[in-house]
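Here the structure comes first, spelled out in structure tokens, and everything after it is commentary.
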Amino acid sequence: IDELAAAPKGGALAKGIEIAGRMIADLRVNSICDGVHIMAIGKEEVVPDILAAAGM
3 IDELAAAPKG GALAKGIEIA GRMIADLRVN SICDGVHIMA IGKEEVVPDI
53 LAAAGM
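Residue numbers for the sequence shown follow my numbering, so the first one is 3 and each next one is one higher.
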């Protein structure tokens, strides 16, 4: 939350994509779960960006 709150004005979306990508990558690398469900309600067009940020 603090990381997102510290994002510059207009940078929240990019920061959110970065955070989501990092979290997904961590889940994958550490075999924490078998998959994720990305709900980008109203921003479906950023799903490929999230996957790219996750290294997928």
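Glycine residues also receive a C-beta, built at the ideal position from the N, C-alpha and C atoms.
query	result
Residues near V1 in its chain [Cβ-Cβ closer than 8 Å; skip 5 each side]	In the structure as shown, the chain starts at 3 and stops at 58, and residue 1 therefore has no counterpart that could be examined.
Secondary structure of A8, DSSP reduced to three states	coil
Backbone secondary structure at I19 - three-state DSSP	helix
Local Cβ density within 10 Å of A56, reported as buried at 16 or more and exposed below that	buried
Beta-carbon proximity list for A22, same chain, < 8 Å, skipping 5 on both sides	I40, I52, A55, A56
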